[in-house]
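2 protein chains.
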Amino acid sequence: MTPQALNEILAAEHPAAAALLSPVGRRAAMPLGIPQQAAQAAGCALKATIGEITDGDGVPLALPSVARHFPDLDPKQAFRYAPQAGLTPLREAWARHLDAEAAAPRSLPVVTGGITHGLSLCAELFTSPTVPLLLPEPYWDNYETIFTMRLGTPIRGFPFYAGGGFNVKGLAAALAQVQGPQAVLLNFPANPTGYAPTAAEAQAITEVIAAAPGPLLVICDDAYHGLVFEDGVYAGSLFALLANAVDPARTLVCRVDGATKELVFFGGRVGFLTFSASGRAGEALAEKAAAVIRATVSSCSAPAQAAVLAALASPTLAAEQHQVRERLATRYRALRDALLANSLEPYPFNGGCFALVPVMGMDAEEARHRLIRDHGVGTITVPGANALRLAFCGIEAEDIPELVARVARVIG
Amino acid sequence: MTPQALNEILAAEHPAAAALLSPVGRRAAMPLGIPQQAAQAAGCALKATIGEITDGDGVPLALPSVARHFPDLDPKQAFRYAPQAGLTPLREAWARHLDAEAAAPRSLPVVTGGITHGLSLCAELFTSPTVPLLLPEPYWDNYETIFTMRLGTPIRGFPFYAGGGFNVKGLAAALAQVQGPQAVLLNFPANPTGYAPTAAEAQAITEVIAAAPGPLLVICDDAYHGLVFEDGVYAGSLFALLANAVDPARTLVCRVDGATKELVFFGGRVGFLTFSASGRAGEALAEKAAAVIRATVSSCSAPAQAAVLAALASPTLAAEQHQVRERLATRYRALRDALLANSLEPYPFNGGCFALVPVMGMDAEEARHRLIRDHGVGTITVPGANALRLAFCGIEAEDIPELVARVARVIG
């Protein structure tokens with residue numbers, strides 16, 4: 026479609042999305058280019074369309090030196106270009122995965138090259154130097170790269186915590202301070218804090234967002250979805266709560282998630298971007314996302330998509346995921362207990378892959394370097410927070426007491 | 026490094042690159058974020074750095090349902106995050122592949138998610154609404170998406186052909202019309218024309234570019250590198266010719282190439298971006314590219330990188346590539362002969378995957394639709410050129426006479 030046609034659909038059927046589009050977002054549309062023309066000729070006996078090297082029946086002439094590394098993936102899926110929005114059966118499989126958790130108005134998920142790619146698509150379609158991004162602080166440092174370095178989108182922070190929980194009032198106050206279009210990003214369980222809201226907080230966040238006058242873009246960064254290790258914590262995604270609660274005249278919600286952590290496939294770079302818009306509005310937004318994909322990476326890596334598609338159909342997948350989550354839960358408890366035993370008080374945490382420990386009386390960067398130099402311990406400092414992030418996802422539970430003891434020697 | 030430090034290195038050691046940087050390009054730098062801090066802790070016994078789920082020794086806890094699809098790839102390469110600039114041994118292997126063809130001042134190649142990604146990195150680092158892109162016309166339609174839709178970079182076309190060959194004078198005239206920074210993109214063998222310059226034209230192009238006052242960015246889109254099927258055609262990349270000829274005070278050359286066509290791995294999305302800058306300037310440019318990768322896709326898909334790395338070490342790779350090229354050469358000759366036999370005169374072509382046939386006396390879009398509807402033939406029309414692009418890479422040689430006969434029935 027033309028950009029104008031897509032924009033008209035959105036104006037009619039999802040006014041918030043239409044109002045939120047950035048200049049790039051307004052221009053974005055799949056031209057009647059080679060992929061579309063090739064699709065129109067799909068039924069032809071003689072195809073001289075797309076520039077792929079095949080045998081004449083669409084079977085890729087993959088080189089054995091490459092192909093032997095993917096022995097059981099469908100060659101048409103793994104070696105040919107994936108569609109810009111991703112392998113269709115993979116999009117449908119992920120949609121079923123979302124719906125199985127909670128029904129909500131949604132588009133078909135668009136396949137992205139990992140979570141960051143989903144976030145950068147949101148950033149590019151909807152934010153700009155005049156549309157600020159609200160973020161609970163401290164936040165993952167790459168948000169600055171994605172939103173500000175590339176696009177000039179200003180970040181407005183508000184304190185993540187109020188007392189022992191999420192700062193719902195701070196979110197409401199931050200939203201109230203902006204006139205006109207704005208975006209807010211909620212990452213639960215959070216990096217770097219390892220915090221996910223309680224069920225009551227999730228409900229309160231939903232009410233605050235639903236009441237915002239808009240135009241408001243809400244980005245749910247669900248990278249660590251499912252990694253929740255305490256009772257009473259809301260284990261689902263905020264996306265379904267929000268998508269069911271918001272008014273499409275005022276608010277658009279985007280869910281960004283993927284195989285990276287959920288399927289423990291970090292190198293694969295398979296993510297998904299789903300909009301809180303069904304029908305033609307959802308299709309229009311997916312087409313805009315596909316157009317930006319076409320303009321940045323053309324399409325996402327196909328072998329990884331094919332592997333995720335196959336894994337989603339595997340009868341043992343759920344048990345495998347459960348096993349990894351149990352192993353992480355054991356590490357989580359080991360870290361929680363070791364911090365307590367060493368009188369180190371982290372920010373409240375209950376999930377994800379991290380705990381964030383404030384550093385008192387010294388510079389966290391100095392503490393980090395001293396831990397590397399003198400104690401053989403690697404940690405992360407988060408810009409803006411004088412604190413050390415301890416990742417428990419890459420260290421076995423039995424080593425965690427020693428890790429924390431060494432950290433305590435420097436910052437205790 | 027900080028953006029300032031990188032910009033100072035470029036100002037001192039590659040003034041053209043410094044002068045060409047877009048606002049995003051000037052801001053681009055890898056912050057002291059999680060990947061860098063994790064690298065600093067590489068030698069630590071206890072690592073609580075990066076948010077990857079591993080066994081404590083860096084071995085990824087890949088799920089069997091995913092991992093079984095990559096049975097012989099190194100799990101650390103395939104399942105963990107690749108570095109932002111790509112797997113280091115893959116970058117080094119591609120550098121050897123470039124040097125084996127022709128020595129030239131160059132950076133270490135940066136791994137990209139395919140050719141389009143390499144182009145979009147060039148676009149983002151160096152072009153903007155005030156830095157036009159010169160393109161021989163007709164050109165691949167996706168350049169408009171990459172450069173103009175996303176970034177507002179204006180495209181200034183000039184006629185691809187003069188007589189039976191490349192329009193070197195037109196290139197010189199187009200370059201002379203722009204004051205200040207500009208970019209030019211040269212795609213040989215070309216999509217959609219299937220033309221690569223003769224050796225004499227390659228030399229003349231090099232002289233024109235080397236004489237340009239700059240600041241000038243030259244992007245060599247080498248997607249179809251190596252697919253040359255006539256004698257007397259320059260079979261190498263212009264990159265080495267140009268990189269050896271230009272003055273770094275005035276001109277920066279970027280080579281964008283990859284495994285997509287060269288290793289017939291369309292779905293893999295493994296490309297490379299190489300700058301005509303060695304030493305610290307090359308490292309600074311590679312870091313800026315890596316920063317934009319971090320901000321858009323975080324890192325490129327690792328299983329495909331690992332497979333390309335393994336393939337580049339395969340003793341049978343060259344023979345496999347030769348076999349595919351011979352098969353394409355047979356199709357090329359079949360197409361050339363069939364066009365002649367049917368009195369269809371294409372634009373001059375000698376390589377790549379395409380021939381472009383002008384349509385006289387009717388609209389090419391109408392011809393394309395009639396071919397689909399009435400003749401079961403899929404072709405591509407190129408916006409701006411009233412012509413049909415015939416791809417010979419996806420159709421067997423024995424079917425090509427029938428294909429061309431049907432095309433001739435509509436446009437002959």
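Taken in order, these protein sequences are the chains called A and B. So the first sequence is residues 26 to 437, counted in the numbering used here. So the second sequence is residues 26 to 437, counted in the numbering used here. Virtual Cβ for every residue (Gly too), placed ideally from N, Cα, C. Everything numeric in this text was worked out from a predicted model, so none of it was measured.
- Taking C-beta atoms under 8 Å as the contact rule, residue 372 (chain B) and residue 259 (chain B) fail to qualify, at a distance of about 18 Å.
- Within chain A, the residues 291, 292 have their CB atoms less than 7 Å from the CB of residue 105 (chain B), given in chain order.
- Around residue 328 (chain B), the same chain offers 95, 98, 103 as residues with beta carbons nearer than 7 Å, after the five sequence neighbours per side are excluded.
- The shortest CA-to-CA distance from residue 45 (chain A) to any of A:273, A:360, A:62, A:166 is the one to A:273.
- Secondary structure at residue 168 (chain A): helix, using DSSP grouped into helix, strand and coil.
- For residue 170 (chain B), the chain A residues whose C-beta falls within less than 8 Å of its own C-beta are 56, 58, 316, 319, 320, listed in chain order.
- Assignment of alpha helix (DSSP H) within the segment 107 to 166 of chain A, counting only whole runs of 4 or more residues, yields 113 to 126, 140 to 151 in chain order.
- Contact check for residue 105 (chain B) against residue 292 (chain A) passes: the beta carbons are separated by less than 7 Å.
- Residue 299 (chain A) places its beta carbon 7 Å or farther from that of residue 270 (chain A).
- For residue 240 (chain A), the CB contacts under 7 Å within the same chain, skipping 5 residues up- and downstream, are 41, 44, 45, 206, 275 in chain order.
- In the structure shown, the three-state DSSP call for residue 405 (chain A) is strand.
- Closer than 7 Å to the CB of residue 78 (chain A) there is at least one CB belonging to chain B.
- Note on geometry: alpha-carbon atoms of residue 330 (chain A) and residue 125 (chain A) lie some 21 Å from one another.
- Of B:385, B:238, B:323, B:356, the smallest CA-CA separation from residue 168 (chain A) is found for B:323.
- Within the segment 311 to 375 of chain A, the alpha helix (DSSP H) runs of at least 4 residues that lie entirely inside it are, in chain order, 327 to 337, 342 to 366.
- Take residue 417 (chain B), set aside five residues on each side of it, and the residues of its chain with a beta-carbon closer than 8 Å to its own are 353, 356, 357, 359, 360, 378, 379, 380, 425, in chain order.
- Between residue 162 (chain A) and residue 182 (chain A), the gap from beta carbon to beta carbon is short of 7 Å.
- The residue among A:254, A:363, A:136, A:236 with its C-alpha nearest the C-alpha of residue 193 (chain A) is A:236.
- DSSP places residue 411 (chain A) in the uninterrupted beta strand (DSSP E) bounded by 410 to 416.
- By the 16-neighbour rule on beta-carbons within 10 angstroms, residue 27 (chain B) is exposed.
- Nearest to residue 65 (chain A) by C-alpha distance, out of B:427, B:411, B:395, is B:395.
- Across the set B:414, B:254, B:437, the C-alpha of B:414 shows the shortest separation from the C-alpha of residue 59 (chain A).
- Within the segment 193 to 223 of chain B, complete alpha helix (DSSP H) segments of at least 4 residues are found at 193 to 202, given in chain order.
- Sequence-distant Cβ neighbours of residue 144 (chain A) in its own chain, meaning closer than 6 Å and more than five residues away, are 171, 281.
- The C-beta distance from residue 159 (chain A) to residue 200 (chain A) rounds to 7 Å, short enough to meet the 8 Å contact threshold.
- No Cβ of chain B is located within less than 7 Å of the beta carbon of residue 113 (chain A).
- Judged by DSSP secondary structure, residue 100 (chain A) falls within the alpha helix (DSSP H) whose first and last residues are 100 to 104.
- Contact between residue 136 (chain B) and residue 297 (chain B) holds, since their C-beta atoms are separated by about 6 Å, short of 8 Å.
- Counting along the chain, residue 48 (chain A) sits inside no beta strand (DSSP E); it lies in the alpha helix (DSSP H) bounded by residues 48 to 52.
- When Cβ-Cβ separations below 7 Å define contact, residue 72 (chain A) makes contact with chain B.
- For residue 141 (chain B), at least one C-beta of chain A is nearer than 7 Å to its own C-beta.
- Classified as buried, residue 50 (chain A) has 16 or more neighbouring CB atoms from the shown chains inside 10 Å of its CB.
- For residue 380 (chain A), the enclosing beta strand (DSSP E) starts and ends at 379 to 383.
- At a beta-carbon threshold of 8 Å, the residues of chain A lying near residue 333 (chain B) are 91, ordered along the chain.
- Under the 7 Å criterion on CB atoms, residue 328 (chain A) is classed as interfacial with respect to chain B.
- With distances taken between CA atoms, residue 419 (chain A) lies nearest to B:81 out of B:81, B:374, B:277.
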